[in-house]
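Visitor: Protein sequences, first through last, are from chains A and B. The opening position of the first sequence corresponds to residue 618 in the working numbering, with each subsequent residue numbered one higher. The opening position of the second sequence corresponds to residue -6 in the working numbering, with each subsequent residue numbered one higher. Beta carbons are placed, not taken as given, at the ideal position from N, Cα and C, and that holds for glycine.
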Amino acid sequence: GQQLNQSPQSMFIQEGEDVSMNCTSSSIFNTWLWYKQDPGEGPVLLIALYKAGELTSNGRLTAQFGITRKDSFLNISASIPSDVGIYFCAGLKPAGGTSYGKLTFGQGTILTVHP
Amino acid sequence: EAQVTQNPRYLITVTGKKLTVTCSQNMNHEYMSWYRQDPGLGLRQIYYSMNVEVTDKGDVPEGYKVSRKEKRNFPLILESPSPNQTSLYFCASSFRTTGDSPLHFGNGTRLTVT
């Protein structure tokens, strides 16, 4: 199936540092989503992007929908220990009209924050 | 409380012994989906359902079956489990079948097939 390339695969940072991760694809997507998964739980939606070039913030998180519609970026500023987890990008290419179709996930970025 | 409930949370079984992982949502969601999570591969979609009695294959449907007889339930069936189906499984649901409706995930089922 279609694949999203997410990088980096893992990051080890100090508390207070900024974090950047991205997702790229050879295909165009109409929606980009960013999820976070805490240990032992299911992913939770952080940010949704619906328009090429869109820049959206959620607290210390900022995400952008790439102009080419083939990529997206997530930045976390001033990281704290509770930012630890796995971050997933997901791209949505509707099956037709406005139906949900299939959501494709990236491989995930494992973030570790050292106090 | 609005939630997606999966059972069981942990399951160890042997090759060939049929099993069912249940998924139920109490939010009247139209869309439901099953994913498996494996290290380095992220979340891969197994099956999804746009509505009652409507199911479609995802990216990795081989060895799995699903049914959607009622809106709230979307069980995942492994007729003859094999070791390569050892994985962490997530059920998810969404209110509408449009991209602006966020997916709500269950807490996962860790399956081990020996």
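(1) Note down, one range per segment and in chain order, each beta strand (DSSP E) of at least 3 residues found wholly within the stretch 3 to 75 of chain B.
(2) Starting from the Cα of residue 707(A), find the closest Cα among 657(A), 675(A), 726(A), 677(A) and give me that residue.
(3) Please report the Cβ distance between residue 15(B) and residue -4(B), rounded to the nearest whole angstrom; I am assuming they are in contact, meaning their Cβ atoms lie under 8 angstroms.
(4) Spell out a yes or no on whether the stretch 23 to 32 of chain B and the stretch 64 to 75 of chain B are touching, meaning 3 or more CB-CB pairs, one atom from each, closer than 8 angstroms.
(5) Express the C-alpha separation of residue 76(B) and residue 54(B) in angstroms, rounding to a whole number.
(6) Beta strand (DSSP E) containing residue 654(A): first to last residue?
(7) How would you list, in chain order, the residues of chain B whose beta-carbon sits under 7 angstroms from the beta-carbon of residue 678(A)?
(8) Among 45(B), 52(B), 79(B), which has the Cα closest to the Cα of residue 163(B)?
(9) Show which residues of chain E have a CB atom less than 8 angstroms away from the CB atom of residue 12(B).
(10) For a contact meaning CB atoms closer than 9 angstroms, what does residue 117(B) contact in chain A?
(11) What are the boundary residues of the beta strand (DSSP E) that includes residue 104(B)?
(12) Just the Cα atoms here: how many angstroms apart are residue 43(B) and residue 662(A)?
(13) By Cβ distance, which residues of its chain are closer than 8 angstroms to residue 622(A), with the 5 residues on each side in sequence left out?
(14) Who are the near neighbours of residue 628(A) in its chain, counting only those whose CB is closer than 8 angstroms to its CB and skipping five residues on each side?
(15) To the nearest angstrom, how far is it from the Cα of residue 807(A) to the Cα of residue 691(A)?
(16) Provide the residue span of the beta strand (DSSP E) that contains residue -1(B), from first to last.
(17) Can you check the stretch 655 to 725 of chain A for any beta strand (DSSP E) of at least 3 residues that lies completely inside it and give the ranges in chain order?
(18) Please classify residue 631(A): does DSSP put it in a helix, a strand, or coil?
(19) So, does the CB of residue 660(A) fall closer than 7 angstroms to a CB anywhere in chain B?
Guide: So, to answer that:
(1) 3 to 6, 12 to 18, 24 to 31, 35 to 44, 47 to 50, 69 to 71
(2) Position 90 of the first sequence, counting from 1, holds the residue named residue 707(A). For residue 707(A), the nearest C-alpha among the options comes from 726(A).
(3) Your numbering for residue 15(B) matches position 22 in the second sequence. Your numbering for residue -4(B) matches position 3 in the second sequence. Rounded, the Cβ-Cβ distance is 14 angstroms, inconsistent with contact.
(4) yes
(5) Against the second sequence, residue 54(B) aligns to sequence position 61. Against the second sequence, residue 76(B) aligns to sequence position 83. Taking the straight line joining both Cα atoms gives about 16 angstroms.
(6) For the purposes of this step, residue 654(A) is identified with residue 37 of the first sequence, where counting begins at 1. Run containing residue 654(A): 648 to 654, per the beta strand (DSSP E) assignment.
(7) As a first step, residue 678(A) must be located in the first sequence, where it is residue number 61. Neighbours of residue 678(A) on chain B: none; closest Cβ ~15 angstroms, over 7 angstroms.
(8) Within the shown structure, residues of chain B are numbered from -6 to 107, placing residue 163(B) beyond reach of any answer.
(9) Looking for chain E here will not work: the only protein chains present are A and B.
(10) The requested residue 117(B) does not occur in the structure, where chain B is confined to residues -6 to 107.
(11) For the purposes of this step, residue 104(B) is identified with residue 111 of the second sequence, where counting begins at 1. Looking at the DSSP string, the run of the beta strand (DSSP E) that includes residue 104(B) is 102 to 106.
(12) Here residue 43(B) corresponds to residue number 50 of the second sequence, with the count starting at 1. Here residue 662(A) corresponds to residue number 45 of the first sequence, with the count starting at 1. Each residue's Cα considered, the two are about 20 angstroms apart.
(13) Start at 1 with the first residue of the first sequence, and residue 622(A) comes out as number 5. Within the same chain, residue 622(A) has close Cβ partners 640, 641, 642, 723, 724.
(14) Here residue 628(A) is taken as the residue at index 11 of the first sequence, counted from 1. Cβ within range, chain order: 636, 638, 726, 727, 728, 729.
(15) Because residue 807(A) is not part of the residues shown, which for chain A are 618 to 732, the question remains open.
(16) Residue numbering aside, residue -1(B) sits at position 6 when the second sequence is read from its first letter. Per DSSP, residue -1(B) belongs to the beta strand (DSSP E) from -3 to 0.
(17) 661 to 666, 672 to 675, 678 to 682, 688 to 693, 702 to 710, 719 to 722
(18) Reading the first sequence from its first residue, position 14 is the one you call residue 631(A). Looking at residue 631(A) - three-state DSSP - the assignment turns out to be strand.
(19) The count along the first sequence starts at 1 and reaches residue 660(A) at position 43. So, interface residue.
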